[in-house]
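Numbering (mature numbering (1 follows the signal peptide of the UniProt record, and there is no 0)), first residue to last: -29 to -1, 1 to 703. Backbone N, C-alpha and C define an ideal beta-carbon position, used for all residues, glycine too. Just so you know, these numbers come straight off a predicted model, no measurement behind them.
Structure below.
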């Protein structure tokens, strides 16, 4: 009897200790999540300001939410996750402190005393997921980011409710380790892995090896960076999305495994030979998949969400058992991660319905990445009610231009939710490049916490107020104009990829309709209407000149007005050429090239529009002298020729930047104008070889400034004084 009592006491002690350990662990986890957001607050605010914010967890009812209230003169922010708490902080800063956190600068305005909250403000999300990033973003914007820049971005993600971010940095090392285990040499492996500006298209099975080889030191550097990225994302409670194995293999794998079912995938854009496709129904697929996930886990730990798109932008499906391929693709990852979910992009023909037919709907998420322009969910019956995310692309190729569909986002997103409340699981932004058009991102991610549309004029007035600081009625009017012009693109013009392209950046010809193969110079609004916004911004520039965000927007609006006007000057120049009026052509062409130079001066006055920062970032990430030259070549080639040859990819990623205008685009225009002038004089100069000039430029090492050249407010005012009347007269 005594022995039994003693046993009971021991068991009771074990249970109590287990409960205490669980309680301590739970408290530790909660304290850790609270500290994550407190650290964010410390980075964002001064020590005196940040100490007035308290963060606490609240239990989840299955949906993310945050609560704001006042406790003992401090602001209490409760949330179901660190992302929810960070979103609550952002909501308070925006709507109580008139403050803004943006790529172009933070405008933080913390009143004393802190504005109190009457009662409690509670916001609950209708969406489980807020997705962020496109594979392309990792190169068109992030190719050369360091940890400091990544830390800022992850903080921004959390404050905007993002909990499902794509995270592909460092995947080079995963593939290196996989191929090492398959007994390939370093030389062979590095022929497969691309340079730092082209990783995304390699992972999307569009090319292999282009821009490489990278060094082992750089590969290790990227692994360490990815570890930091994932650690911070996980501290926020985000679920990083990692690349999965879906059958992409080097073309040379066929030589080692001649009996394996490895299919040639042909050629992608730009003349690039695609990687081969290992059939998921082949036994080798499961073997390599297991190696891939083992190596990925060794480097980057456990995860639940994976992405990858077989046959992205083409590739051959002939003779492929797509239902079996889809089933085996999911099965291979679930062998390692039983709770894994696969994320497919709805882009072109993907995801093919046959490939989804044998996959459990709960195991996948489909990104309708262009839903504000060419929504696939409405065309494909929401993929038979499989889980999906409503998203926007917004930007293509990092092209500089003011563009967005604010009204479409405001109306169509919630309409989609009403039609598919069970299967529409989230919202997202999948831009090919970021650090542009911040208003689009801010509006869309607010719908993480909104359940009704906003009054756009009122919302934009609030946006301008917190973005610049002081309330300004004229600026509010200007934003009403911007909403009806550059940000007023409607739904359904599906052949326009992003902003209307700047004619300055085009390869000169006698009939320009676009800069890139898939873009357009066609302006979707009346360019004369945009002049009113320009007028109002210039008028208020003396009052708001200290605001970094105002400086950015003033430069961007001025740039857009001048880029639009370039089309008028180009038409005038070509009119005189066709009429064989040499003198008038010379005058018109000088006017055009003078405008290019003035646009260059404007853009060199604001760091966000300067080539120098892009090139210096590229060089700074290199680990040796040879790699420094290679990385600079990567940076230059991406935004010019893109490919290793003259191809349909030229100027796809063009950038209207200071330095690019003067050193790359202007020389091309001068070549073209000289040729036309020669023709008008009776000469026969022959065809221009733009590619030779471009390829030579890519191999140069000229340094460009990273210090702003001049006062952007002064320059914008001077350009306004010179051109406003002239431009408005030209549109009559």
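Legend entry - residue 586 vs residue 475 beta-carbon contact at 8 Å: no
Legend entry - First through last residue of the beta strand (DSSP E) which encompasses residue 339: Residue 339: member of the beta strand (DSSP E) spanning 335 to 339, first to last residue.
Legend entry - Sequence-distant residues of its chain with Cβ nearer than 6 Å to residue 665 (five each side left out): 611 and 612
Legend entry - Residue closest to residue 234, alpha-carbon to alpha-carbon, out of 646, 249 and 85: For the residues 646, 249 and 85, the minimum Cα distance to residue 234 belongs to 249.
Inset, instruction - Name the residue from 9, 316, 380 and 580 whose alpha carbon lies nearest to the alpha carbon of residue 75. - result: 580
Legend entry - Cβ neighbours of residue 545 in the same chain (closer than 7 Å, five flanking residues each side left out): 481
Inset, instruction - Compute the distance between the beta-carbons of residue 347 and residue 355, then report whether it is under 8 Å. - result: no
Legend entry - At least three beta-carbon pairs within less than 8 Å, the region 188 to 198 to the region 249 to 269: no
Inset, instruction - For the region 274 to 282 and the region 205 to 224, state whether three or more C-beta atom pairs, one from each stretch, are separated by less than 8 Å. - result: At 8 Å Cβ cutoff, the stretches touch.
Inset, instruction - Determine contact between the region 491 to 510 and the region 556 to 574, defined as no fewer than three beta-carbon pairs at a distance below 8 Å. - result: no
Inset, instruction - Spatial neighbours of residue 150 within its chain, please: CB distance less than 6 Å, with the 5 preceding and 5 following residues excluded, ordered by chain position. - result: 160
Inset, instruction - Assess, as a yes-or-no matter, whether the region 42 to 54 is touched by the region 19 to 34 under the definition of 3 or more beta carbon pairs within less than 8 Å. - result: yes
Legend entry - Own chain partners of residue 223 with C-beta closer than 7 Å, once the 5 adjacent residues on each side are dropped: 159
Legend entry - Range of the contiguous alpha helix (DSSP H) that encloses residue 505: Here the alpha helix (DSSP H) through residue 505 covers 498 to 510.
Inset, instruction - Just tell me which of 221, 204 and 139 has its CA closest to the CA of residue 179. - result: 221
Legend entry - alpha helix (DSSP H) runs contained entirely in the region 444 to 472, provided each spans 4 or more residues: 444 to 455
Inset, instruction - Please determine, among 403, 141 and 410, the residue with the shortest C-alpha to C-alpha distance to residue 376. - result: 410
Inset, instruction - Inspect the beta-carbon positions of residue 55 and residue 36 and report whether they are closer than 8 Å. - result: yes
Inset, instruction - Excluding the 5 residues preceding and the 5 following residue 590 in the sequence, name in chain order all residues of the same chain whose CB lies nearer than 7 Å to its CB. - result: 599, 602 and 603
Legend entry - Proximity to residue 578 [Cα-Cα], best of 629, 303 and 364: The candidate whose alpha carbon is nearest that of residue 578 is 629.
Inset, instruction - Give, in chain order, every unbroken run of the beta strand (DSSP E) that is at least 3 residues long and sits entirely within the region 193 to 224. - result: List check, beta strand (DSSP E) in window: 212 to 214.
Inset, instruction - Report all residues from its chain with a CB closer than 8 Å to the CB of residue 531; omit the five preceding and five following residues, and keep chain order. - result: 372, 373, 457 and 501
Inset, instruction - Just the C-alpha distance for residue 52 and residue 226, rounded to the nearest angstrom, thanks. - result: 50 Å
Inset, instruction - Over the uninterrupted alpha helix (DSSP H) stretch that includes residue 124, give me the two end residues. - result: Bounds of the alpha helix (DSSP H) holding residue 124 are 118 to 130.
Inset, instruction - Please state whether DSSP places residue 593 in a helix, a strand or coil. - result: coil
Inset, instruction - Report, in whole angstroms, the separation of the C-beta atoms of residue 419 and residue 186, which I expect to be a contact under 8 Å. - result: So it is not a contact: roughly 41 Å between Cβ atoms.
Inset, instruction - Go through its chain and collect everything with a Cβ distance to residue 567's Cβ below 6 Å, but skip five positions before and after it. - result: 475, 632 and 637
Inset, instruction - Using the DSSP secondary-structure output, state which residues sit across from residue 75 in a beta bridge. - result: None; residue 75 has no bridge partner.
Inset, instruction - Could you tell me if residue 685 is buried or exposed, where buried requires 16 or more neighbouring beta carbons within 10 angstroms of its beta carbon? - result: exposed
Legend entry - Beta-carbon separation (whole angstroms), residue 39 vs residue 92, contact threshold 8 Å: 4 Å
Inset, instruction - Would you kindly work out how many angstroms separate the C-alpha atoms of residue 59 and residue 144, rounded to a whole number? - result: 37 Å
Legend entry - Cβ shell of residue 471 (< 7 Å), same chain only, five flanking positions each side left out: 372, 491, 492, 493, 494 and 495
Inset, instruction - Determine contact between the region 120 to 129 and the region 428 to 448, defined as no fewer than three beta-carbon pairs at a distance below 8 Å. - result: no
Legend entry - Buried versus exposed, by CB contacts within 10 Å (16 or more), residue 595: exposed
Inset, instruction - Count the other C-beta atoms from every protein chain shown that fall within 10 angstroms of the C-beta of residue 211, then say buried if there are 16 or more, exposed otherwise. - result: So residue 211 counts as buried.
Legend entry - Sequence-distant residues of the same chain with beta carbon closer than 6 Å to residue 446, five excluded per side: 435 and 511
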